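J.: Going down the list, the protein sequences come from chains A, B and C.
Take the first sequence: its position 264, counting from 1, is numbered 304 in the numbering used here, and each next residue is one higher.
Take the second sequence: its position 311, counting from 1, is numbered 1158 in the numbering used here, and each next residue is one higher.
Take the third sequence: its position 260, counting from 1, is numbered 1639 in the numbering used here, and each next residue is one higher.
By construction, the Cβ of each residue, glycine as well, lies at the ideal position given by its N, Cα and C atoms.
Nothing here was measured: the structure is a model prediction, and the numbers come from that model.
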Amino acid sequence: MNRTLARSLPVAAIGVAILLPMFMGDYPLQVARNIMLYMALAVTWDMLLRSGQISFGIAGLFGLGSYASILAVVRGGMPGWLSIPFAGLFAGLAAFLIGFLILRLRHTYFSIVTLALGEIFRIIIHNMHDFSGGPEGIVVQQGIIFGGASRNLYWLTLAGLAVALLASYWFEKSKVRFALTAIRNNEISAKSSGVNIFRWLLLAFVVTSAIQGMMGGIFVMSYGFASPETVFSADFTLLPLAMALLGGIHSTVGPILGGLLLGLVSEWLKLQIPYGHLVVYGVMIVVVILFMPQGLLGLARKTMRAAGRNRK
Amino acid sequence: MKRFVLAIAAIALVVSGVAAQGTIKIGGIWTLADITGKQGSAAAQLAVDEINAAGGISGKTLQLIVVDDEGKADKAAAAVEKLATVDKVDVFVGGMASGAELGKIPSFKKYNKVVMSTGAAGSATVEKALGPSPESDFYFHLHPWDYNQGASYAEGWDAIQKKYPNVQIKKIFLAYEEGAFGKSSWDSTKILFGADKRYTIDGAPFKSALLGGGDYTAVLEAAKAFKPDLFLWAGYDADALPLLEQSKAMKFSPGIYLGAPPGWPIGFGSSRLANNVMLYGMWSTAMNDTNAQSKKFYDAYVKRYREEPATYFALLAYDAVKILANGIKAAGTTETAALVKALEATSYASALGETITFKPSNVIKHQGITRQKILQWQGGLQEVIWPFEAATAAPVYPFPAWK
Amino acid sequence: MALKRRNLIISVFALAATAALLLWRPTVLIYGLQAAGLYAAIAIPMGLVLGIVHIVNLAHGEFMMLASYATYFTCKALGMDPLIAIVPTAIVTAIFGWIIFQLTIRRALKAPELNQLILTFGIAIVFSQAINLVFTSQTYKMPLDYVSASMDIGELTFGIWSFVFVAAAILFAGGLNFFLKRTTTGKAALAVGQNPKGAAIVGIDVYRTYGLVFALAIALVGAMGALFLTKSAIFPTVGSPFTMKSFCLVAMAGVGNIPGILSASVLLGLTENFLRAFRGSREWADIVFFVLIIVVIMSRSLKGRKS
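(1) Please say whether Tyr-1104(B) and Ala-890(B) have beta carbons closer to each other than 8 Å?
(2) With 16 as the cutoff for other CB atoms within 10 Å, does Leu-59(A) come out buried or exposed?
(3) Could you check what DSSP says for Lys-1251(B) in three-state terms: helix, strand or coil?
(4) Using the beta-carbon of each residue, which ones in chain A are nearer than 7 Å to Lys-975(B)?
(5) Using a Cβ cut-off of 8 Å (strictly closer), state whether Ala-340(A) contacts chain B.
(6) Listed from N- to C-terminal order along the chain, which residues in the stretch 894-914 of chain B have their beta-carbon within a distance smaller than 8 Å of any beta-carbon of chain A?
(7) According to DSSP, what are the bridge partners of Tyr-1104(B)?
(8) What are the residues in the stretch 925-956 of chain B lying within 7 Å of chain A by C-beta distance?
(9) Three or more beta-carbon pairs under 8 Å between the stretch 1002-1019 of chain B and the stretch 211-221 of chain A, yes or no?
(10) In terms of DSSP beta bridges, what is Pro-1052(B) paired with?
(11) Pick out whichever of Asn-1556(C), Cys-1454(C) and Asp-1584(C) has its Cα sitting closest to the Cα of Asn-1636(C).
(12) Give the DSSP-derived three-state secondary structure of Gln-93(A) in the structure shown.
(13) Which bits of chain D does Ile-1497(C) rub up against, with CB to CB less than 7 Å?
(14) To be precise: take each residue of the stretch 1050-1068 of chain B, compare its Cβ to all Cβ atoms of chain C, and keep it if any distance is under 9 Å. Which residues remain?
(15) Would Thr-29(A) count as contacting chain C if we go by Cβ distances under 8 Å?
(16) Does any CB atom of chain B fall closer than 8 Å to the CB of Asp-66(A)?
(17) At 9 Å on the CB atoms, spell out the chain C contacts of Tyr-321(A), in chain order.
(18) Looking at Val-328(A): is its Cβ nearer than 8 Å to the Cβ of Leu-286(A)?
(19) Just the chain C side, please: which residues come within less than 8 Å of Leu-145(A) by C-beta, in chain order?
(20) Return the residue from the list Phe-136(A), Ala-284(A), Gly-158(A) and Ile-152(A) that minimises the CA-CA distance to Pro-268(A).
(21) Measure the C-alpha to C-alpha separation of Met-1521(C) and Asn-1122(B) and round it to an integer number of angstroms.
(22) I want to see whether chain B comes within less than 8 Å of Ser-151(A), judged by CB atoms only; does it?
(23) For Val-1744(C) versus Ala-1422(C), is the C-beta distance shorter than 8 Å?
(24) Quick check on the burial criterion: 16 or more other C-beta atoms within 10 angstroms. Buried or exposed for Gly-869(B)?
(25) Can you find a CB in chain A that lies within less than 8 Å of the CB of Gly-966(B)?
(26) Decide if the stretch 900-913 of chain B is in contact with the stretch 871-881 of chain B; the criterion is three or more beta carbon pairs, one per stretch, under 8 Å apart.
(27) According to DSSP, simplified to helix, strand and coil, what is Tyr-1519(C)?
(28) Out of Met-118(A), Ile-165(A) and Leu-89(A), point me to the one whose CA is closest to Thr-148(A)'s CA.
(29) Could you say if the stretch 1569-1576 of chain C and the stretch 1449-1469 of chain C meet the contact criterion of at least three C-beta pairs nearer than 8 Å?
(30) Can you find a heavy atom of the ligand MN that lies under 7 Å from the Cβ of Gly-316(A)?
(31) For Trp-85(A), which option in Leu-133(A), Trp-195(A), Ser-306(A) and Ala-207(A) has the closest C-alpha, if you only look at C-alpha atoms?
(32) Determine, using beta carbons only, whether Pro-125(A) comes closer than 8 Å to chain B.
(33) For Phe-1028(B) and Asp-1034(B), I'd like the C-alpha separation in whole angstroms.
(34) Ignore the nearest five residues each way along the sequence and tell me which others in Val-1432(C)'s own chain have a CB closer than 7 Å to its CB.
(35) My guess is that Met-1134(B) and Phe-1537(C) are in contact by the Cβ rule of under 8 Å, so how many angstroms apart are they, rounded?
(36) If distances are taken between C-alpha atoms only, which option among Ala-1147(B), Leu-1021(B), Ala-1107(B) and Val-927(B) comes closest to Phe-1073(B)?
This is the structure in structure tokens:
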């Protein structure tokens, strides 16, 4: 019984997600788009975390992808839809090159270097006035992709999220999982048992960066503009982190749950308490971290275990 | 996913309420954590209540529904969608930061309802994203574009030099914050003042304290070396006093010391250094003495909210609602084509000391205010120097050398 | 021996470069040092927390912001100068910091470091947004005459007030060095930082030590809040950029290396101001910060692998 439920739940969720535009108005679709974007970032961040590497570079890669996409369209005349995979490719290639440099770093030093690289991307874009539009940003003059049709934009973002989820699923179910977990738990013994640490880290870093860049492409194509302060915003680093953590790390479901929680609560609070909702939002993050240190997923596991024990 | 659907439905239920008959709904979107948005939304509510107290619009009452955009493009887009589809508002008002405005534009275009915009001066992005008439005809832009502001300053300084021959400007130095606001000021200053070579222009960027900077030494060294007659800084209120204090420490005292922040820090006027600093702006409390509209607004606002309007954005929001209401009354409907037509005939005597009409700008068809004012801090008050018809005092020149 | 000779060569080279800079662009040196002082004085308390309690406190700058607001309104009400408020502010913020530590951070110390990170991120949001709600986003600034104090040397005129930050940084670094190396409590704190389990075995109350060190760091941040108020305008988000800067500086110096924060700050302050002094490089001054961090961290990691 429990197993059938566990198997049918994801299928039902996917069905609902795909069909949502059929019975939802434009406002819920817009909110869903915002949340799914962050979810994809949270899941990909978590994928790298499974190797123990904490990246602070999400905003940097997201921004890089955003500009790759919009500049390809505005300066290179690329069709909007094509610029999205291009953004992913570009960010992935950048991550491949950077990876050789930084994937030998560990702990805080890796985090700080990814943060610094993101800032470097931002400053370069900011200062290339004539090509990138500079601090003011750049606009797609022919309008946004799909003529702004809400449903199509929703499905586009959903497709982006689906790519992230499939990659995460692949990481979980293939030997990538074994390699990354081995690196996380004990790098030295992983090395001695023949795991090529650098190669696996590079794979994880390139894949997650490419998806983050692609989400950047989806973002700019859905709004038709990019500016350094918008697409390199620290929000794109900190919120996915918070979502993954509040949901439960080292899993695919955790970041999804966390994204739902933070995304819905922030939108709901905003409408309930127009002035001061961000205070409540902060308090909520503090409380959840303190009382659910393992995130929602940990809490669910604990309750299920307790329920199981009671039944016996 | 089911929980998600339920939660969304719950949100929709809580906020939508029942659409009352005989109500005209205005959707207001500002960044509420920012003082401009906080006071803008308050001033708009004041205008709505005044109109309703006077009997509404042809028997219908006005209702303002405010949603926060948090200064973010995605949240701003959600705000438009919520107001348009859940609350089913008839018209929109609001706006300040260009980044958030750009997030709204695709949704605005989709619904094609009239928008009375109170901010977003970035022509390189916002005006471009709006695009030319007729697609952007629904959009009424009250605030001057960056190039409008530049042009009006060039005009203002010409007029001041003509009227007060002792004021002599040859060299202008612009210290601009490195973000979008400063950069667009620099671009328009270069073009408009540098055009016919009457002025020599130089400039350097700095990082505003608002964005984590606050070190003005390098930019002031560059300015000092240039020896300008007019020193202009385009930054934020957080830069105002520290910049001045640093200037004094470096004994940099140009004949005209001019600031163009969107607002000034609390207590700026009480600093001894502040006296005779010039500024760009649209409104000041000094105008209450010469402009009845301004006084009426000011008194009503202070009475209701027990605080002073800190920037002109409160007045813009107030005016935006009043202009919309007049338009709806004239058109007899909120239907876009008719309302646009009615609004095109607008001639509204604003509390900002000028009559607002809508004319084409470089790209869009409906641009409201094009002129800013040149003011001066005198004895703790911002006195209007130019335009002369709104002037409240004569300029003090030159800026006193540091003692 | 070889190491000593290399250090000597490096210091001679640094001295020569400084002398050349002093002659060629004296303002770069003056303002570079002033900037470095501010960076270092704010980063040192974060270095202390990271080195001993092992948490990245993302609310670091927000603690300073709160101290600045408290100082501003107290001084305004009592007609007092913020300089007089430095010590009282430090004491009050230390108590506040200790309370926040006991209520929140202490409970997350056993959790993975990411939990602590997001916890302090949440605290930072609460602090800055609560201040925003009460005092709005408008900025406040104390008009003070002495911050415009200036000095003339020949043709050169420059502000001297900001040297106060250099003094604060040296005082903080020296004081902490004394505390950690010469006092019993300090030695215990250092022991806890290096090996909490071992320290617990020899009878040191680890959690009490953590709380104490955190409170001490927040006291320094509080003192900086009062001092910062003399020079800068304050607003709800005034502290947050300093969190990232401090974090980067601490990482550049190497976790646990407090004197290293001083040299990292000087390197950064001078390079930034050097680039700002020229038309062609002005806009790129910001990037130096991040490039330097990467270079320093990368070269250290390479060196670490060789040895």
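T.: Reading off the structure:
(1) The residue you call residue 890(B) lines up with position 43 of the second sequence. The residue you call residue 1104(B) lines up with position 257 of the second sequence. Cβ distance not < 8 Å, so Ala-890(B) and Tyr-1104(B) don't count as in contact.
(2) Counting from 1 along the first sequence, the entry for residue 59(A) is found at position 19. Result: exposed.
(3) An answer regarding residue 1251(B) cannot be provided, because it is not within the stretch 848 to 1250 covered by chain B.
(4) Here the question's residue 975(B) lines up with position 128 in the second sequence. Result: Val-179 and Gln-181.
(5) Start at 1 with the first residue of the first sequence, and residue 340(A) comes out as number 300. Cβ-Cβ to chain B under 8 Å: no for Ala-340(A).
(6) Val-913 and Val-914
(7) Translated into positions along the second sequence, residue 1104(B) becomes position 257. Note: Tyr-1104(B) sits in a beta bridge opposite Phe-1078(B).
(8) Ala-925, Glu-928, Lys-929, Thr-932, Val-933, Gly-946, Leu-949, Gly-950, Pro-953 and Lys-956
(9) no
(10) Within the second sequence, numbered from 1, the residue matching residue 1052(B) stands at position 205. Tyr-1023(B), per the DSSP bridge assignment.
(11) Position 257 of the third sequence holds residue 1636(C). The residue with the shortest Cα to Cα distance from Asn-1636(C) is Asn-1556(C).
(12) In the first sequence, the residue the question calls residue 93(A) occupies position 53. Looking at Gln-93(A) - three-state DSSP - the assignment turns out to be coil, as it is neither helix nor strand.
(13) In summary, chain D is missing from the structure at hand, where the protein chains are A, B and C.
(14) Ala-1051, Pro-1052, Phe-1053, Lys-1054, Ala-1056, Leu-1057, Leu-1058, Gly-1059, Gly-1060, Gly-1061, Asp-1062, Thr-1064, Ala-1065, Val-1066 and Glu-1068
(15) Residue 29(A) lies beyond the stretch modelled for chain A, which goes from 41 to 352, so this question has no answer here.
(16) Looking up residue 66(A) in the first sequence gives position 26. At least one chain B Cβ lies under 8 Å of Asp-66(A).
(17) Translated into the one-based positions of the first sequence, residue 321(A) becomes position 281. Per Cβ cutoff of 9 Å: Gly-1501, Ile-1504, Val-1505 and Gln-1508.
(18) Reading the first sequence from its first residue, position 288 is the one you call residue 328(A). Reading the first sequence from its first residue, position 246 is the one you call residue 286(A). Cβ distance < 8 Å, so Val-328(A) and Leu-286(A) count as in contact.
(19) Taking the first residue of the first sequence as 1, we reach residue 145(A) at position 105. Neighbours of Leu-145(A) on chain C, chain order: Ile-1676, Met-1677 and Ser-1680.
(20) As a first step, residue 268(A) must be located in the first sequence, where it is residue number 228. Ranking Phe-136(A), Ala-284(A), Gly-158(A) and Ile-152(A) by Cα distance to Pro-268(A) puts Gly-158(A) first.
(21) Sequence index remark: in the third sequence, residue 1521(C) carries index 142 (1-based). Sequence index remark: in the second sequence, residue 1122(B) carries index 275 (1-based). Approximately 16 Å, taken between the alpha carbons.
(22) The count along the first sequence starts at 1 and reaches residue 151(A) at position 111. Cβ-Cβ to chain B under 8 Å: no for Ser-151(A).
(23) Past the boundaries of the shown model lies residue 1744(C); chain C is included only from 1380 to 1686, so the question cannot be answered.
(24) The count along the second sequence starts at 1 and reaches residue 869(B) at position 22. By the 10 Å Cβ count, Gly-869(B) comes out exposed.
(25) Counting from 1 along the second sequence, the entry for residue 966(B) is found at position 119. By this cut-off, Gly-966(B) is not an interface position.
(26) yes
(27) Residue numbering aside, residue 1519(C) sits at position 140 when the third sequence is read from its first letter. Strand.
(28) Taking the first residue of the first sequence as 1, we reach residue 148(A) at position 108. Checking every option, the nearest Cα to that of Thr-148(A) belongs to Leu-89(A).
(29) no
(30) The model depicted lacks the ligand MN and carries no ligand whatsoever.
(31) Taking the first residue of the first sequence as 1, we reach residue 85(A) at position 45. Residue Ala-207(A) is the option with its Cα nearest to Trp-85(A).
(32) Here the question's residue 125(A) lines up with position 85 in the first sequence. Chain B contact via Cβ: absent.
(33) Locating residue 1028(B) in the second sequence gives position 181, where the first residue counts as 1. Locating residue 1034(B) in the second sequence gives position 187, where the first residue counts as 1. Phe-1028(B) and Asp-1034(B): Cα-Cα distance of roughly 10 Å.
(34) Mapped onto the third sequence, residue 1432(C) falls at position 53. Only Tyr-1589, Val-1592 and Phe-1593 meet the Cβ criterion.
(35) In the second sequence, residue 1134(B) corresponds to position 287, counting from 1. In the third sequence, residue 1537(C) corresponds to position 158, counting from 1. Not confirmed; about 40 Å, so no contact.
(36) Stepping through the second sequence from its first residue, residue 1073(B) is reached at position 226. Ranking the options by Cα distance to Phe-1073(B), first place goes to Leu-1021(B).
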